[in-house]
Each structure stands twice: as C-alpha cells, then as structure tokens.
Amino acid sequence: MYELTSYLESIGLSNPFDKIYITTKNIPSLPLAIFMLVITQLPKLQYIKSVGTMMSKRMTDGLDGAPFVIGCLTVLKQFNSTLTDTFFQLLAQYIKTLSLEGSANQKMQDFPADAVCGMLFLEEFIYHGRIRRKVIEAHIPTFIFDQYREVLAR
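Quick note, in our numbering, the sequence shown goes up one by one and the last residue is 164.
Laid out in structure tokens, this is it:
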C-alpha cells in the first residue's frame, strides 16, 4: 500500500489537502491560537472582486488569502475534527458579533469589512477542506449569509 501511495502521488492522483503529515495528541488550545492568528491577519486582507478571493491590502505585508487559509486548514487537519469544529465556533462567534454590531449601529449600513473577510475565510476553508456548508450554517444564522452575499454582489 505504501508503494501504491507514492506512485499515485508522483503522477498527481492524490489530494495533498487530505494528507496527514503527523499524528499527535490533541492540543486543546490550538483552535484558540489559530483563531487569534486569523483575526489578527483578517484586517490585512481585502476582497478583490476581479480575482475572486482575498489579497493583501499592502503588497509589503506578504500575505495572500488562499495560502493562508490552506495553511490553517493543513494544521487543523493534523488533529481530531473536534478541534476544527471548535475553531469554527470561535470564528462564527467573532463574525456574528461584528455583523450584529454593524447592524445595531444606524450609521453603519454596510456589513463590516472584517466580517466580510471572515466569511470569505470560512468559505475558502470549507471549499478547500471539502467540508459541508451545513457545518458552518449550524454556527452562523442565515441572515448573516444573506447580508454577506449582498455585499459581495455590489
């Protein structure tokens, strides 16, 4: 089986996102650490409609949305899926707080930019991780998804 795996990888018939590189015990604080990393980097990203993804606001930051998402996904894949779910809960709470704060403020008509980047991060995460959207919808209400889609359509 090991030989077959190496042959399949060499001809490109494998998915590197599904590969588990190390096996280790769960680290309970890992989702919080990755969440803190993500929310510190989200303000440095913006959605570029012509590209269809997040890119750095400043070229000197050296940050790109897709590799950042895939890096976080790869780290979380090395552990039990409960840690990924905890990460989803933390990020969903952050997005809900930002979006509800924005809707409560009468002067702020739009969906907050950090919430948009958070939603984009989640969408790319579930796309590249081949995670069902229902997993995220369990944590984020439908009306937030609707607001987010309206902002992207503009």
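The beta-carbon is built from N, C-alpha and C at its ideal position, and this holds for glycine as well. From a predicted model like this one, the values you see are computed outputs, not experimental measurements.
Can the beta-carbon of residue i be found closer than 8 angstroms to that of residue j?
i, j, result
"Lys106", "Ile141", "no"
"Leu83", "Gly139", "yes"
"Phe89", "Ile37", "yes"
"Gly75", "Leu55", "yes"
"Ser87", "Ile30", "Per the sequence shown, residue 87 should be read as Lys rather than Ser. Contact flag set, yes."
If residue i and residue j are in contact, beta carbons under 8 angstroms, what's the gap, nearest whole angstrom?
i, j, result
"Phe98", "Ile146", "6 angstroms"
"Leu100", "Leu42", "7 angstroms"
"Leu130", "Tyr57", "6 angstroms"
"Ala102", "Ile32", "That pair is no contact at about 27 angstroms."
Indicate the three-state DSSP secondary structure (helix, strand or coil) for residue i in the structure shown.
i, result
"Ser20", "helix"
"Gln157", "helix"
"Gln103", "helix"
"Tyr137", "helix"
"Met118", "Note that Met118 scores 47 on pLDDT, short of 50, meaning its location in the model is unreliable; the coordinates nonetheless yield the value given after this. Looking at Met118 - three-state DSSP - the assignment turns out to be coil, as it is neither helix nor strand."
"Pro151", "coil"
"Thr94", "helix"
DSSP has residue i in a bridge; who is on the other side?
i, result
"Leu55", "Ser66"
Taking the alpha-carbon of residue i as reference, which of the options has the nearest alpha-carbon?
i, options, result
"Ile44", "Thr94, Leu14, Gln157 and Gln56", "Thr94"
"Thr63", "Glu19, Cys127, Glu160 and Val161", "Cys127"
"Asp28", "Leu40, Ile49, Ser91 and Gly72", "Ser91"
"Ile49", "Ala148, Leu162, Ile150 and Ala125", "Ala125"
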